[in-house]
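Right, one structure below, let's go through it.
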Ligand SMILES: [Zn+2]
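Residue numbers (the working numbering): 141 to 810.
Pasting the structure below:
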């Protein structure tokens, strides 16, 4: 087992696979993890053909291809301060020599050197998707993705919708401007959290044929050149100033001349990276003064990526517990306590049975546990150390602990297939209550109702009466009445929210939005669609498509019964001309007098606007009745120049924008 050749083949296969998934916008692993595989292969087989390719772009998108103007190479990498110092010394950076060497320096020479102190710019290394804007006489003519490093996809129309793209420059410049397309954490949390991370989401959205969602992306630039006429900036500071003058958003840049200061700065940035607005995975360090020849190289010598260290620890896997959520059983590893990223970790995610088998994990194995950013720790695989000879197989549960059905092991998911399984039914009720935000109906009460078999299906919620509820858990008529009132509040739900409320194996509302956005915009159309048709929706995948098709059949009767109550209706697909608030965004803070915050959000969404949970750059309006309060949202809005409006102004805007007068009636009980 595990001969060198085998490992090389395995690494090559993994790298090719992850590269393909990366360029399809569905990266399965982080950049840091990818680099570890890359470095391991480089050690074992430095001449492997796989290492020579920058990456293989997909041809499936059907975008026209275009060549890059600025040569796109790869960068030298340093994974830790030691590696960085090797490069810094080669560059002649101050502070990169060991103290003895410094001590041995002739004093005259030292003072001479200090006059020639080299300066380096240090920039955030953005974790997004690379994009080159091409200008002719100051006009944006093309935008090209990374692709294979020489040619990429031309996504000009999509790029025009992104924040930070300058359509027309103030000077007749011809040449390229390169940057990174990123998604902020805020946008990801509010709209795209079904994607693994911001980078995946940005990658997927920028390649959508219809360009939808590109306005949620932001371009941040760091390079420019006019290679046709030999126009390269050879001073990085002037280059950044030039870009800013042209109206671009540039990557955070600092200037240093001492290697130790750069190492300290990296530590500072590492400490605060979770609180940054977007993901970065390290710093880029460049000699301020460079030359055209170096910039043309596949691997420019005068710059390096100084990456963050992955937070990894080794521990022993002692036990596997299976956590149930709805129908799914998820393996959680119990490990010997270990310090990781400042916390003690005892439990770590094993994701699914497929991973346990593929990584050959056993009880007693020494495993590597990884924690990156806010993600919960996960067991990545066997640690690259000697493994104990005595290990035990991990036992998978065979039957559902709730209903006794034989579990289905689908590799990426272990689940109870019984549609009547009470675990699954209760989870569905809880999901519905969450989607409708009926906070008064708590977990305890719904569990009681479920156990007494009074409510096992969603539509049965609508048959509850105040008197009977009052008897539950000494509830009293007053609060029982409140619960019933909220259940019976008429709601006009979007089709996405309605279907997501039925908890089809955890299919999220954002996933459903993709499907409705692709034209399956009525319940009838959805029901008529075959799984294969749904799978055509960009970014959906066959497994999810099948889950949705099956779930719609399984829940058909229950859905009809809910609609028959008349309390819940599905909103008609919005005609384009009714989206009068498209492009606007609102954030609500504090109490509103006329409605709940959730209602306000649904009403602006119906008109095509976005609801934000926090004040971010580019937000159109902050709605508050207390603009004088010193709340952080108010302060941030003032700082960013976001318009602050009162509830009355907001209501006036709603009626101005032609919101149909009958809509508020659906909220009459509030
Ligand atoms: Zn079951």
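Using N, Cα and C, we set each Cβ at its ideal position, and we do this for glycine too.
Any non-hydrogen atom of ligand 1 closer than 7 Å to residue i Cβ
i: residue 556; result: yes
i: residue 563; result: yes
i: residue 542; result: yes
i: residue 270; result: no
i: residue 619; result: no
Segment limits, beta strand (DSSP E) that includes residue i
i: residue 338; result: Note, residue 338: premise wrong, no beta strand (DSSP E); alpha helix (DSSP H) at 338 to 346.
i: residue 321; result: 315 to 322
i: residue 285; result: 279 to 285
i: residue 632; result: 631 to 633
i: residue 762; result: 761 to 763
i: residue 293; result: 291 to 293
i: residue 712; result: No beta strand (DSSP E) contains residue 712, which DSSP labels as neither H nor E.
i: residue 458; result: 451 to 465
i: residue 447; result: 443 to 447
7 Å Cβ shell around residue i - same chain, five flanking residues per side excluded
i: residue 210; result: 272, 316, 318, 363, 365, 367
i: residue 514; result: With a pLDDT of 43 at residue 514, under the threshold of 50, the modelled position of this residue cannot be trusted; read the value that follows with caution. Closer than 7 Å at the Cβ level, and outside the excluded window around residue 514, lie 414.
i: residue 83; result: Outside the shown range of the chain, which is 141 to 810, sits residue 83, and nothing can be said about it.
i: residue 156; result: 190
i: residue 375; result: 428, 429
i: residue 387; result: 306
i: residue 750; result: 725
i: residue 279; result: 308
i: residue 810; result: Residue placement at residue 810 is flagged as unreliable, the pLDDT there being 30, under the threshold of 50; the coordinate-derived value follows with that caveat. 629, 735, 736, 739.
Spatial neighbours of residue i in its chain, beta-carbon cut-off 8 Å, leaving aside the 5 residues before and after
i: residue 248; result: With a pLDDT of only 41 at residue 248, under 50, the local geometry of the prediction cannot be trusted, and the value read off the model is given with reservation. Same-chain partners within the cutoff: there are none.
i: residue 251; result: Summary for residue 251: the model assigns pLDDT 43, below 50, so the residue's position carries little reliability; its value from the coordinates is reported in the next sentence. Nothing meets the Cβ criterion.
i: residue 689; result: 669, 670, 671, 674
i: residue 704; result: 599
i: residue 181; result: 148, 151, 152, 155, 188, 190, 191
i: residue 578; result: 623, 626, 627
i: residue 616; result: 610
i: residue 661; result: 635, 713
i: residue 390; result: 360, 361, 362, 380, 383, 384
i: residue 802; result: With a pLDDT of 41 at residue 802, under the threshold of 50, the modelled position of that residue is not reliable, and the figure given next carries that caveat. Contacts found: none.
i: residue 392; result: 263, 264
i: residue 796; result: none
Residue i beta carbon near ligand 3 (any heavy atom closer than 7 Å)
i: residue 545; result: Judged by which ligands are present, ligand 3 is missing from the structure shown, whose ligands are ligand 1.
Residues near residue i by beta carbon distance below 6 Å, same chain, minus five either side
i: residue 116; result: Summary: the structure shown does not reach residue 116, with the chain confined to residues 141 through 810, and so no result is reported for it.
i: residue 756; result: 326
i: residue 240; result: With a pLDDT of only 47 at residue 240, under the threshold of 50, the placement of this residue in the model should not be trusted; the figure read from the coordinates follows. Contacts found: none.
i: residue 691; result: 644
i: residue 589; result: 595
i: residue 185; result: 148
i: residue 234; result: 397, 398
i: residue 212; result: 289
i: residue 790; result: 763
i: residue 655; result: 677
i: residue 377; result: 428
i: residue 572; result: 598, 641
The alpha helix (DSSP H) enclosing residue i, as first and last residue numbers
i: residue 327; result: 325 to 331
i: residue 586; result: 583 to 591
i: residue 570; result: 562 to 576
i: residue 479; result: It is not in any alpha helix (DSSP H) - residue 479 instead sits in the beta strand (DSSP E) that spans 468 to 480.
i: residue 610; result: 606 to 610
i: residue 796; result: 787 to 796
i: residue 778; result: 772 to 780
i: residue 744; result: 737 to 746
i: residue 296; result: 296 to 301
i: residue 266; result: Unbroken run through residue 266 is the beta strand (DSSP E), 260 to 266; no alpha helix (DSSP H).
Review point. Does the segment 418 to 433 come close enough to the segment 177 to 190 that 3 or more CB-CB pairs lie under 8 Å?
Key: no
Check your understanding: So does the segment 324 to 335 actually touch the segment 274 to 294, counting three or more Cβ pairs closer than 8 Å?
Key -> no
Point to revise | Ordered list of alpha helix (DSSP H) runs contained in the segment 213 to 242, each at least 4 residues | key: 221 to 230
Exercise for review: May I have a chain-ordered list of the alpha helix (DSSP H) segments no shorter than 4 residues that lie completely inside the segment 394 to 435?
Suggested key: 399 to 412
Point to revise | Residue ranges of each beta strand (DSSP E) within the segment 619 to 689, 3 or longer | key: 631 to 633
Review point. Per the contact definition of three or more C-beta pairs closer than 8 Å, is the segment 394 to 404 in contact with the segment 223 to 233?
Key: yes
Check your understanding: Counting Cβ pairs, one atom from each stretch, are 3 or more of them under 8 Å apart for the segment 296 to 313 and the segment 354 to 363?
Key -> yes
Review point. In chain order, which beta strand (DSSP E) runs of at least 3 residues are fully inside the segment 514 to 556?
Key: 518 to 522
Check your understanding: Is the segment 489 to 509 close to the segment 560 to 578, with three or more CB pairs under 8 Å?
Key -> no
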